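Everything below concerns the one structure shown next.
Protein chains: 2
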Amino acid sequence: MIARAASELGLELAAFVPYRLNRLAVGVSNHLSDIYRERFGLDVPAWRVMATVGSQHGCTAQYIAQSTRMHKTRVSRAIAHLEKRELIERAPSTADRREREVRLTKAGRRMYAELVPLVLERERDLLACMPREQLRGLLAGMEALETFLGLQD
Amino acid sequence: MIARAASELGLELAAFVPYRLNRLAVGVSNHLSDIYRERFGLDVPAWRVMATVGSQHGCTAQYIAQSTRMHKTRVSRAIAHLEKRELIERAPSTADRREREVRLTKAGRRMYAELVPLVLERERDLLACMPREQLRGLLAGMEALETFLGLQD
DNA sequence: CACAAATGGTTGCGCGCGCAACTTTTACGC
DNA sequence: GCGTAAAAGTTGCGCGCGCAACCATTTGTG
Numbered sequence: 007m008i009a010r011a012a013s014e015l016g017l018e019l020a021a022f023v024p025y026r027l028n029r030l031a032v033g034v035s036n037h038l039s040d041i042y043r044e045r046f047g048l049d050v051p052a053w054r055v056m057a058t059v060g061s062q063h064g065c066t067a068q069y070i071a072q073s074t075r076m077h078k079t080r081v082s083r084a085i086a087h088l089e090k091r092e093l094i095e096r097a098p099s100t101a102d103r104r105e106r107e108v109r110l111t112k113a114g115r116r117m118y119a120e121l122v123p124l125v126l127e128r129e130r131d132l133l134a135c136m137p138r139e140q141l142r143g144l145l146a147g148m149e150a151l152e153t154f155l156g157l158q159d
Numbered sequence: 007m008i009a010r011a012a013s014e015l016g017l018e019l020a021a022f023v024p025y026r027l028n029r030l031a032v033g034v035s036n037h038l039s040d041i042y043r044e045r046f047g048l049d050v051p052a053w054r055v056m057a058t059v060g061s062q063h064g065c066t067a068q069y070i071a072q073s074t075r076m077h078k079t080r081v082s083r084a085i086a087h088l089e090k091r092e093l094i095e096r097a098p099s100t101a102d103r104r105e106r107e108v109r110l111t112k113a114g115r116r117m118y119a120e121l122v123p124l125v126l127e128r129e130r131d132l133l134a135c136m137p138r139e140q141l142r143g144l145l146a147g148m149e150a151l152e153t154f155l156g157l158q159d
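Same order as they appear, the protein sequences are chains A and B. Plus 6 on top of the position in the first sequence (first one is 1) and you've got my numbering. Plus 6 on top of the position in the second sequence (first one is 1) and you've got my numbering.
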């Protein structure tokens, strides 16, 4: 414990991993949201709902909330907003009448089909800033943290 | 580009790096904020101001804003809040009377001295979930992304 | 079968954020 | 030096978020 005495005298925020991680997440999110915000008028919750419903047709709000780790009220409002824009539609579930099955409309599917390739291309562009081996290292480290924090799945 | 055709059919949010990064940042932030929130009654902006002022005595709000990448209004309100709690104090700068030099009070220095070791210990605990070499890989990858996005320093 | 507990989902409320506008002071251009 | 632009910092405003409370429905338990 003597070894870390020096680093405790002053905490350097710029070298502090939690801070760097947050700054990085914000930076990456901004880099990405250029696409779905300016180009398609989606904010973060709406984008996540679109992304989830696009691959899990007929899922419930509850499923979206768990899958995206967003608060259920945030999901509820994002869905309401997207429904008003006629990008998704809801039908009461036959099995459980508390639930409502969420689906993309025709316009929603069109947007999804246009949006996903652009977003994935952005991700590739971003990750192309480092060599393959380094990327593997980054992902492995992220996975370790996710496991430690009970986030992965 | 043929190789990625399959992955474009459906975007899996759980494997999407921007989303994972955001989730990770939130998780790490929560893991950390247990300390400064419940124990010291600080929220994220207040904690960042404390951390910055603690190592840069007499700095300005502008400096804090750049250093933490927070909006200047967010900084302004965090400072006002901390001043009300008498953890920091402000004195008009002699050189430039628009500025106000921000310093920790005696109580602020006491809290800082108590807080920083706990926070750094939390960081170490977190990073101890992976072997040393993997941590090096994670940090290298993060640095590459920071450079690419023009974030570092 | 009835009643309590739990679940899916929505809404009212308070709060904190970012934007824009503003005040005060300093720097720049001629 | 005077006037305009720019910078430090604060404040009013609208908005989106999370919390808690709520409604409707379903599940569990005696």
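Glycine included, each C-beta is placed from N, C-alpha and C at the ideal position. In this text the structure is predicted, and so the values were computed from the model without any measurement.
From the beta-carbon of HIS37(B), the residues of chain A found nearer than 7 Å are LEU155. Annotation: Cβ neighbours of MET136(A) in chain B (cutoff 7 Å, chain order): GLY147, ALA150. Secondary structure at GLU92(B): coil, using DSSP grouped into helix, strand and coil. For ARG29(A), the C-beta contacts it makes with chain B under 7 Å involve ARG75, LEU157, in order along the chain. Under the 10 Å beta carbon count, GLY156(B) is surrounded by fewer than 16 other beta carbons and is classified as exposed. The beta-carbon of THR111(B) is placed no less than 8 Å from the nearest beta-carbon of chain A. Here VAL55(B) is not bridged, per DSSP, to any residue. Runs of the alpha helix (DSSP H) spanning 4 or more residues and lying entirely within the segment 28-80 of chain B occur at 50-61, 67-74, in chain order. If you draw a straight line from the Cα of ASP131(B) to the Cα of HIS63(A), it comes to about 40 Å.
For PHE22(B), the neighbours in chain A by C-beta distance under 9 Å run, in chain order, ALA57, VAL125, LEU126, GLU129. Assigned with DSSP and collapsed to three states, ARG142(A) falls in helix. Sorting ALA134(A), GLU139(A), LEU151(A) by C-alpha distance to the C-alpha of PHE154(B) places ALA134(A) at the top. Not flagged as an interface residue toward chain B: GLU107(A), since no C-beta distance is shorter than 8 Å. Closest in C-alpha terms to ASN36(B), from the list ASP49(B), MET117(B), PRO24(B), MET148(B), comes ASP49(B). Beta bridge pairing from DSSP links VAL125(A) with no other residue.
If you compare the alpha carbons of ARG106(A), ILE94(A), GLU127(A) with that of LYS112(A), the shortest gap goes to ILE94(A). Between TYR42(B) and LYS78(A), the alpha-carbon positions lie close to 27 Å from each other. ALA84(B) and TRP53(B) have their C-alpha atoms spaced approximately 9 Å apart. Straight-line measurement puts the Cα of ARG103(B) at about 35 Å from the Cα of PRO24(A).
The beta carbon of ARG80(B) sits closer than 7 Å to the beta carbons of PRO51 from its chain, once the five residues preceding and following it are set aside; these are given in chain order. DSSP, reduced to helix, strand and coil, places PRO98(B) within a strand of the structure shown. Against chain B, the CB of GLU120(A) has no partner CB under 8 Å away; the residue lies outside that interface.
With its beta carbon at least 8 Å from every one in chain B, SER99(A) lies outside the interface.
Counting the other CB atoms within 10 Å of its CB gives ALA97(A) a total below 16, which places it among the exposed residues. In the DSSP assignment, GLU105(B) falls outside any beta strand (DSSP E), carrying neither H nor E. One Cα belongs to ALA20(A), the other to THR58(B), and the distance between them is close to 10 Å. Under the three-state reduction of DSSP output, LEU110(A) falls in the strand class. Per DSSP, reduced to three states, the secondary structure at PRO137(B) is coil, with no helix or strand assignment.
Among the residues facing chain B, LEU48(A) is not included, as its CB has no counterpart in that chain under 8 Å away.
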